[in-house]
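S.K.:
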Amino acid sequence: MAELKLLLKYRDVPGIENIDVWESCGGYEGLKKALTMERSAVIDEMKISAVRGRGGAGFPAWIKWSGVLKHTDAPHYLICNGDEGEPGTFKDRELMLKLAHQLVEGMIIAAYATNTDKGYVYIRGEFVEPAKSVRKAIDQAYAKGYLGRGILGREDFNFDLYIHMGAGSYECGEETALMSSLMGERGQPRLKFPHGALPVDAGVWESPTLINNVETYSCAPHILRNGGAWYASMGTERSKGTKIISVSGHVKKPGNYEIELGTPLMEMLDLAGGVIGGKLKAIIPGGSSVPILPAEKCVGVNMDYESCQAAGTMLGSGGFMVFNEKTDIVILMRRTAEFYAHESCGKCTPCREGTRWMFKILDRIVSGAGQPSDIDLLLNVCDQIDGRSYCPLGDAAAWPIRAGIKNFREEFEYWITHKKSPIGDDCVPPVPYRINPALIPLS
Amino acid sequence: MDKENSNSITPETDERTHCKKEGRFSSNAVAELEEIITHYPNKKAAMLPALWIAQREYGGYITPEAIREVARLLGRSKAEVEGVATFYSMYNFKPKGKHHLEVCTCLTCGCVGAYGVVHKLEEMLGIHLGETTPDGEFTLSEVECLDWCEAGTVIQVGNKYFGHVTKDNVEMVLEQLRESDDHTPTSLADDIVKILLPEGEPKSKVE
Numbered sequence: 005m006a007e008l009k010l011l012l013k014y015r016d017v018p019g020i021e022n023i024d025v026w027e028s029c030g031g032y033e034g035l036k037k038a039l040t041m042e043r044s045a046v047i048d049e050m051k052i053s054a055v056r057g058r059g060g061a062g063f064p065a066w067i068k069w070s071g072v073l074k075h076t077d078a079p080h081y082l083i084c085n086g087d088e089g090e091p092g093t094f095k096d097r098e099l100m101l102k103l104a105h106q107l108v109e110g111m112i113i114a115a116y117a118t119n120t121d122k123g124y125v126y127i128r129g130e131f132v133e134p135a136k137s138v139r140k141a142i143d144q145a146y147a148k149g150y151l152g153r154g155i156l157g158r159e160d161f162n163f164d165l166y167i168h169m170g171a172g173s174y175e176c177g178e179e180t181a182l183m184s185s186l187m188g189e190r191g192q193p194r195l196k197f198p199h200g201a202l203p204v205d206a207g208v209w210e211s212p213t214l215i216n217n218v219e220t221y222s223c224a225p226h227i228l229r230n231g232g233a234w235y236a237s238m239g240t241e242r243s244k245g246t247k248i249i250s251v252s253g254h255v256k257k258p259g260n261y262e263i264e265l266g267t268p269l270m271e272m273l274d275l276a277g278g279v280i281g282g283k284l285k286a287i288i289p290g291g292s293s294v295p296i297l298p299a300e301k302c303v304g305v306n307m308d309y310e311s312c313q314a315a316g317t318m319l320g321s322g323g324f325m326v327f328n329e330k331t332d333i334v335i336l337m338r339r340t341a342e343f344y345a346h347e348s349c350g351k352c353t354p355c356r357e358g359t360r361w362m363f364k365i366l367d368r369i370v371s372g373a374g375q376p377s378d379i380d381l382l383l384n385v386c387d388q389i390d391g392r393s394y395c396p397l398g399d400a401a402a403w404p405i406r407a408g409i410k411n412f413r414e415e416f417e418y419w420i421t422h423k424k425s426p427i428g429d430d431c432v433p434p435v436p437y438r439i440n441p442a443l444i445p446l447s
Numbered sequence: 676m677d678k679e680n681s682n683s684i685t686p687e688t689d690e691r692t693h694c695k696k697e698g699r700f701s702s703n704a705v706a707e708l709e710e711i712i713t714h715y716p717n718k719k720a721a722m723l724p725a726l727w728i729a730q731r732e733y734g735g736y737i738t739p740e741a742i743r744e745v746a747r748l749l750g751r752s753k754a755e756v757e758g759v760a761t762f763y764s765m766y767n768f769k770p771k772g773k774h775h776l777e778v779c780t781c782l783t784c785g786c787v788g789a790y791g792v793v794h795k796l797e798e799m800l801g802i803h804l805g806e807t808t809p810d811g812e813f814t815l816s817e818v819e820c821l822d823w824c825e826a827g828t829v830i831q832v833g834n835k836y837f838g839h840v841t842k843d844n845v846e847m848v849l850e851q852l853r854e855s856d857d858h859t860p861t862s863l864a865d866d867i868v869k870i871l872l873p874e875g876e877p878k879s880k881v882e
């Protein structure tokens with residue numbers, strides 16, 4: 005198992021953002037094939053492929069698709085979650101920027117399979133260039149009759165696709181918060197199953213709603229073109245197909261790599277040219293929300309959902325961040341906590357208050373005022389957030405901090421005892437108050 | 676995700692941009708909004724697009740008049756519109772400089788030199804994070820992950836991204852920006868509104 009290009013196969017073809025070039029690479033053939041099949045047969049193909057949601061949770065895509073199709077009494081809506089905001093993840097950005105037709109084709113296939121006539125691509129507000137590509141792809145698809153009324157001569161299939169731009173909120177990447185934002189509200193989450201309705205039963209405007217990640221929809225054209233069994237022949241027993249991994253940090257060749265699921269984690273690192281600036285210290289394999297893996301635990305882990313979980317972390321959204329020996333884990337955790345404190349939507353108390361307390365305690369430690377009891381206090385705050393917040397943002401804030409302490413406790417103790425970094429003055433990220441005292445509110 | 680954005684509406688006037696600070700949406704803006712409303716089952720869903728139009732119409736930030744106008748056009752209360760607008764960090768409530776520099780200092784960028792870039796910019800511009808230069812040319816902000824980590828350190832300036840910025844080459848970014856006449860907070864909003872609309876001008880309708 006190694007690098008295996010499927011979604012990124014045509015990334016570097018000149019002019020691939022144009023519909024003619026995409027068609028010459030086999031584009032829209034998956035859609036044409038889908039339209040010769042029954043709607044339920046398209047979903048069966050997705051079921052055979054066993055493709056799982058690529059946004060982070062890894063939920064089987066076909067279950068959502070069939071959940072929407074079974075409703076016959078209300079209008080359906082299709083949403084693409086292009087609100088990529090997870091630190092370390094930049095796959096959707098590239099998929100939208102360069103391969104927007106792949107996404108649009110995938111969404112049209114999903115619309116047909118779920119009998120939906122209206123869809124939205126929700127794109128984070130910062131992504132102006134990627135959104136321009138999607139705009140161009142949608143306009144071209146309308147001109148060619150792939151969107152609009154009576155698609156490809158099928159009188160019973162109409163689909164309109166719109167773009168909805170976000171305006172700066174990490175929380176809107178959470179699916180129920182995204183739906184609030186799409187409906188013109190603050191981007192705050194809604195009550196989840198079993199306390200609230202599933203989006204497939206009552207999503208936006210209380211209608212059955214299919215919401216998938218950019219990468220998930222982008223798989224559909226390939227699955228339909230080549231068959232679900234072909235897709236399922238790749239990957240491991242329970243993690244089928246390929247996954248795009250965004251590699252960044254202290255590596256020689258950062259960027260997006262598409263690998264067969266199950267590829268060894270260390271092979272992933274080699275693909276990106278290996279560590280630079282010193283020895284490997286730690287890797288975060290799936291975006292800032294997943295637990296950090298120290299170097300010694302990276303060996304033997306494979307890049308698939310089950311293997312990552314067994315190693316105490318997650319594949320998540322595939323944001324693969326590499327840190328060398330110059331990295332100060334305590335400062336890194338302080339920055340992580342700062343991110344979640346800033347992005348917490350404020351709806352529920354455990355997350356709103358807890359993320360701020362985590363940041364304050366970590367900030368106290370790196371400002372030289374840490375107390376011996378702070379480590380246990382941090383773990384206590386993590387326990388008070390984890391599993392108690394309204395949406396997964398709270399869990400995602402607690403997991404990395406807890407894993408940071410579990411794997412690098414001696415660094416926290418060093419900071420508290422010596423009031424300086426165990427790495428030295430040239431650590432990264434730099435000690436914040438040394439760079440700019442105005443950055444930290446010491447309260 | 677601008678970290679210094681104030682969450683209150685301050686009725687300031689701004690002589691630096693030539694956009695109006697009061698009055699109603701232009702007839703073109705109303706036509707755009709009417710077209711966007713047709714994308715949704717109800718008017719309320721056009722709230723974010725309407726605020727983007729407002730940010731463009733009122734010179735790169737949302738004034739109290741802009742809130743009133745969005746509320747009127749969508750048939751919502753001013754309190755609701757302000758409540759939604761202040762949730763999102765990309766809507767400005769104070770005028771920003773002509774070039775709004777938003778430096779990503781999140782995990783990857785923070786580990787590959789972003790704080791050095793911030794420090795150098797503070798030195799060169801003579802301002803701290805969150806401040807605007809007295810001539811109104813530059814505003815400096817720190818933002819959360821811009822999701823282009825492979826090119827860290829990344830700076831967003833309106834609709835432009837600068838990648839692979841270091842403390843040694845950041846001066847070139849400033850030089851490039853000084854040559855540009857673009858008022859970036861306004862042009863960013865303008866680009867976003869254009870993205871929401873299919874190719875071709877919306878039909879102009881009489882108010």
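Chains as they are written, first to last, in my numbering: chain S, 5 to 447; chain L, 676 to 882.
Cβ atoms here follow ideal geometry from the backbone N, Cα and C, with glycine treated the same way.
(1) Is the separation between the beta-carbon of C787/L and that of G827/L shorter than 7 angstroms?
(2) Short of 7 angstroms Cβ to Cβ, which residues in the region 751–768 of chain L face chain S?
(3) Tell me the rounded alpha-carbon separation between S764/L and E817/L.
(4) In terms of residue numbering, what span does the alpha helix (DSSP H) encompassing Y174/S cover?
(5) When you compare each of E130/S, S237/S, E189/S and T317/S to M722/L by their alpha carbons, which one comes out closest?
(6) Within a Cβ cutoff of 6 angstroms, which residues of the same chain sit near G152/S, ignoring the five residues on either side of it in sequence?
(7) Does any CB atom of chain L fall closer than 7 angstroms to the CB of I167/S?
(8) Counting only the same chain and skipping the five closest in sequence on each side, list residues whose C-beta sits under 7 angstroms from that of S311/S.
(9) Report, in whole angstroms, the separation of the C-beta atoms of I287/S and F343/S, which I expect to be a contact under 8 angstroms.
(10) Return yes when the Cβ of D143/S is within less than 7 angstroms of the Cβ of P873/L, no when it is not.
(11) One question on the structure: do E133/S and N260/S come within less than 7 angstroms of each other, judged by their Cβ atoms?
(12) Using the C-alpha atoms, what's the distance from M270/S back to S237/S?
(13) Assuming D121/S contacts D164/S (C-beta within less than 8 angstroms), just tell me the rounded distance between them.
(14) Considering Cα atoms alone, identify which of A6/S, T359/S, V385/S and A401/S is closest to V294/S.
(15) Does any CB atom of chain L fall closer than 7 angstroms to the CB of F363/S?
(16) Under three-state DSSP, which class holds D164/S?
(17) Over the uninterrupted beta strand (DSSP E) stretch that includes I830/L, give me the two end residues.
(18) What is the DSSP secondary structure of M41/S, reduced to helix, strand or coil?
(19) What number of angstroms, rounded off, separates the C-alpha of V334/S from the C-alpha of L366/S?
(20) What three-state label does DSSP hand K13/S in the structure shown?
(21) For R406/S, decide whether its Cβ has a neighbour in chain L, counting only Cβ atoms nearer than 7 angstroms.
(22) Which two residues bound the contiguous alpha helix (DSSP H) that contains V848/L?
(23) Using a Cβ-Cβ cut-off of less than 8 angstroms, give me the residues of the region 829–846 of chain L that come near chain S, in sequence order.
(24) Fully enclosed by the region 14–95 of chain S, which beta strand (DSSP E) runs are 3 residues long or longer?
(25) With 16 as the cutoff for other CB atoms within 10 Å, does P809/L come out buried or exposed?
(26) Going by C-alpha to C-alpha distance, which of C386/S, A276/S, G253/S and V255/S sits closest to E262/S?
(27) At which residue ranges does the region 766–844 of chain L contain complete beta strand (DSSP E) runs of 3 or more residues, listed in the order of the chain?
(28) Between K244/S, R406/S and S222/S, which lies nearest to M307/S when the distance is taken from Cα to Cα?
(29) Exposed or buried, M799/L, counting other C-beta atoms within 10 Å across all chains shown (16 or more means buried)?
(30) Using a Cβ-Cβ cutoff of less than 7 angstroms, which residues in the same chain neighbour S184/S once the five nearest sequence positions on both sides are dropped?
(31) I'd like to check one pair, L10/S with H226/S: are the Cβ atoms closer than 7 angstroms?
(32) Would you call R128/S buried or exposed, if buried means 16 or more other Cβ atoms sit within 10 Å of its Cβ?
(33) Going along chain S, which residues have a C-beta under 7 angstroms from G785/L?
(34) From the DSSP output, in three-state form, read off A276/S for me.
(35) Taking I52/S and G232/S to be in contact with their CB atoms under 8 angstroms, please state how far apart those CB atoms are, rounded to whole angstroms.
(36) Under 7 angstroms, Cβ to Cβ, is there at least one residue of chain L near E417/S?
M.R.: This is what the structure gives:
(1) The sequence shown places Val at residue 787/L, not Cys. Their beta carbons are under 7 angstroms apart, which means V787/L touches G827/L by this criterion.
(2) If the cut-off is 7 angstroms between Cβ atoms, the region 751–768 of chain L has G758, V759, F762, Y763, S764, M765 and Y766 near chain S.
(3) Going by the C-alpha atoms only, they are around 12 angstroms apart.
(4) Careful: Y174/S lies outside any alpha helix (DSSP H) and carries neither H nor E.
(5) Comparing Cα-Cα distances from M722/L to each of E130/S, S237/S, E189/S and T317/S, the minimum goes to E189/S.
(6) Y146.
(7) Cβ-Cβ to chain L under 7 angstroms: yes for I167/S.
(8) Only V305 meet the Cβ criterion.
(9) The C-beta distance from I287/S to F343/S rounds to 18 angstroms, too long to fall under 8 angstroms, and the pair is not in contact.
(10) Contact annotation: P873/L and D143/S have beta-carbon atoms nearer than 7 angstroms.
(11) Against a cut-off of 7 angstroms, the Cβ pair of N260/S and E133/S comes out as no contact.
(12) Rounded to the nearest whole angstrom, the CA to CA distance from S237/S to M270/S is 23 angstroms.
(13) About 7 angstroms; that satisfies the 8 angstroms criterion.
(14) Of the candidates A6/S, T359/S, V385/S and A401/S, the one whose C-alpha sits nearest the C-alpha of V294/S is A401/S.
(15) Not an interface residue.
(16) Here D164/S sits in strand by DSSP.
(17) Start and end: I830 to V832.
(18) The three-state reading of DSSP puts M41/S in coil, since its state is none of H, G, I, E or B.
(19) Distance between the alpha carbons of V334/S and L366/S is about 7 angstroms.
(20) In the three-state scheme derived from DSSP, where H, G and I count as helix and E and B as strand, K13/S is classed as coil.
(21) Taking 7 angstroms as the threshold, the shortest C-beta distance from R406/S to chain L does not fall below it.
(22) Looking at the DSSP string, the run of the alpha helix (DSSP H) that includes V848/L is V845 to R853.
(23) Within the region 829–846 of chain L, the qualifying residues are Q831, N834 and Y836.
(24) Qualifying beta strand (DSSP E) stretches, in chain order: 81–86.
(25) By the neighbour-count rule (16 or more Cβ atoms within 10 Å), P809/L is not buried but exposed.
(26) Comparing Cα-Cα distances from E262/S to each of C386/S, A276/S, G253/S and V255/S, the minimum goes to A276/S.
(27) List check, beta strand (DSSP E) in window: 774–779, 813–818, 830–832 and 835–837.
(28) Selected option, being the one with the closest Cα: K244/S.
(29) Exposed: under 16 other Cβ atoms inside 10 Å.
(30) Within the same chain, R190, G191, Q192 and R194 come within 7 angstroms of S184/S by CB-CB distance, once the 5 residues on both sides are set aside.
(31) Result yes, Cβ atoms of H226/S and L10/S sit closer than 7 angstroms.
(32) Within 10 angstroms of the beta-carbon of R128/S lie 16 or more other beta-carbons, which makes it buried.
(33) Listed along the chain, the chain S residues whose CB falls inside 7 angstroms of the CB of G785/L are R339 and P433.
(34) Shown here, A276/S sits in coil according to DSSP, grouped into three states, outside any helix or strand.
(35) Contact between I52/S and G232/S holds, with the beta-carbon distance rounding to 3 angstroms and staying under 8 angstroms.
(36) Taking Cβ atoms only, chain L never reaches closer than 7 angstroms to E417/S, which makes this a no.
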